[in-house]
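Input: a single structure, listed below in structure tokens.
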Amino acid sequence: MKRIALAGLLTAILAGPQALAEDEVERYDPLFTPAPQARLATQGKLVGLEQVNGNFYAVGALGTVVKYYADGDWVQRDIPTSVLLTAVHAVDQEHLWAVGHEGVILQSTDGGVTWEFRMDGLQLLEMEYEWLQEREAYFEDAIAETDDEYEREDLEFQLDELMFHIGGAEIQFEVGPTKPFLDVLFLNRDIGLVVGAYGTILRTTDGGDTWSINTDAIDNPVGYHPNKLVLAADGTLVLVGEAGLLARSDDQGETFEMLDSPYHGSLFGALYDQQNQLWVYGLRGNVFVSDNDGETFTDVQVNTRYNLNSGTVLADGRVVLVGHSGVIVVIDPDTLESTLYSHETNSPLSGVRESAENTLILVGRAGVQTFQLPARIGH
């Protein structure tokens, strides 16, 4: 019998009744308040960073989206919301996606010049409420059809739990949208996934025209937060998150297989290197690498206990991870030897890319920063 992931997801779903008319719903700020234009936008809090060819895109607080052009200028773009944006992803140089708090999904189809809503928190509440109703019908039908006493008892228990959360849905609807999305990844222009707090997974197969709730594609009944999606060259998807959450999909995100995690604290990020090794990293400087798509892992010692939030692979093959207190860890993927650096700001870093040979573009609490690394010995 298929058990759905209720406990964590429904803590945050709690949508409102469909019968409430749209004009009775207050349009909550900052959800529908356009992002303010700021002269020093690149010096404010930035959370996500993406690179396409010579262009960079950074997103962060108050709906900020800034684009770095290859000629050397950062330009803030007009955004229809001022919620905190948490991640940005490029499908190609024209098609980009960004996600953030209060159920926001944004898309650009002109290289990040203009952006539009593809979902907002009110739409998310309605969609999740429908999802709850579908589950209610599923349990009622399953209870009516089963002749197994123990199965019926289990189904009735789950239905009682579901009804408890549905009963609280109206309260959340009055409060308004609150759920943050944490990452977005598209396999191509059509198929994409968005993950959010309390185990939420959304999936689209038509370029964001419609979305389906895919939360029960993963065995995550507690509702641990999924933090990061990463795509291998062969199309394998890996998801990491809170409490060592680690899962893999071989069918474009329709279903996920839970993997044995090398660590039971939070994993904040993952990446594949040039050798197709999978790296996962997170809380307290924990880093692990796998050469078999997550079946087994090797513990990588990096000599820091600071949280590691983001990573990238340099053109010369080295792996770079960044995190709290400006920490920058550079790892040789062949020897697994690491070198520790610290940015002069000592402020938390949440994004990193290579802008030129051995030159890093960084984003974090202090905005956009740069850092020059020494060349890799022997390369």
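As numbered in mature numbering (1 follows the signal peptide of the UniProt record, and there is no 0), residues -21 to -1, 1 to 358 make up the sequence shown, in order. The C-beta atom is built at its ideal place from N, Cα and C for all residues, glycine as well.
Contact between Phe118 and Leu134 holds, since their C-beta atoms are separated by about 6 angstroms, short of 8 angstroms. Ile310: member of the beta strand (DSSP E) spanning 306 to 310, first to last residue. In the three-state reduction of the DSSP assignment, Leu208 falls in the strand class, which pools E and B. Under the DSSP definition of a beta bridge, Met237 partners with Ala226.
In the DSSP assignment, Ala121 falls within the unbroken alpha helix (DSSP H) covering 100 to 124. With a threshold of 16 other beta carbon atoms within 10 Å, Arg284 falls short and is exposed. Pairwise C-beta distances place the stretch 54 to 61 out of contact with the stretch 342 to 358, as fewer than three of them are shorter than 8 angstroms.
The Cβ atoms of Thr157 and Glu81 lie closer than 8 angstroms to each other. Under the DSSP assignment, Phe267 falls in the beta strand (DSSP E) whose first and last residues are 266 to 269.
The continuous beta strand (DSSP E) containing Gly290 extends over residues 287 to 292. Look at Ile180 here: in three-state DSSP terms it is strand. Proximity to Glu323 across Val217, Gly343, Gln72 peaks at Gly343, based on C-alpha coordinates. DSSP places Phe35 in the uninterrupted beta strand (DSSP E) bounded by 34 to 39. Trp190 has no beta-bridge partner at all, per DSSP. Under the three-state reduction of DSSP output, Leu10 falls in the coil class, being neither helix nor strand.
Excluding its 5 nearest sequence neighbours in each direction, Tyr203 has C-beta neighbours in its own chain below 7 angstroms: Gly(-14), Gly178, Gly220, Glu221, Ala222, Leu224, listed in chain order.
Rounded to the nearest angstrom, the Cβ distance from Gln55 to Thr43 is 7 angstroms, consistent with a contact under 8 angstroms. Our two residues, Asp8 and Ile340, have alpha carbons roughly 32 angstroms apart in a direct line. Taking C-beta separations shorter than 7 angstroms and ignoring five residues to either side along the sequence, the partners of Ala121 in its chain run Leu134, following chain order. For Gln137, the uninterrupted alpha helix (DSSP H) segment begins and ends at 128 to 146. If you ignore the 5 residues before and after Asn286, its C-beta comes within less than 6 angstroms of the C-beta of Leu262, Gly302, His303, all in its own chain and listed in chain order. Shown here, Thr283 sits in coil according to DSSP, grouped into three states, outside any helix or strand.
Using a C-beta cut-off of 8 angstroms, the stretch 288 to 307 makes contact with the stretch 242 to 256, since at least three inter-stretch Cβ pairs fall below that distance. When His144, Gln231, Phe276 are compared, the shortest CA-CA separation from Pro241 is found for Phe276.
Remark: C-beta atoms of Val78 and Val209 do not approach each other more closely than 8 angstroms. Between Leu10 and Gly100, the CB-CB gap stays under 8 angstroms.
For the options Glu124, Thr88, Phe235, the alpha carbon positioned closest to that of Asp169 is the one of Thr88. If you draw a straight line from the Cα of Val45 to the Cα of Tyr260, it comes to about 27 angstroms.
The beta carbons of Thr215 and Asp272 sit about 6 angstroms from each other, so the pair counts as a contact at 8 angstroms.
Shown here, Ala335 sits in a strand according to DSSP, grouped into three states. Taken atom to atom, the span from the alpha-carbon of Leu315 to that of Glu333 is near 20 angstroms. DSSP places His68 in the uninterrupted beta strand (DSSP E) bounded by 64 to 69. For Lys46, the uninterrupted beta strand (DSSP E) run begins and ends at 44 to 47, by DSSP. Counting only residues of its own chain and dropping the five nearest sequence neighbours on each side, Thr318 has a CB closer than 6 angstroms to the CB of Val309.
As the crow flies, the alpha-carbon of Leu85 is around 15 angstroms from that of Asp71. Straight across, the Cα-Cα distance linking Leu25 with Asp127 is about 54 angstroms.
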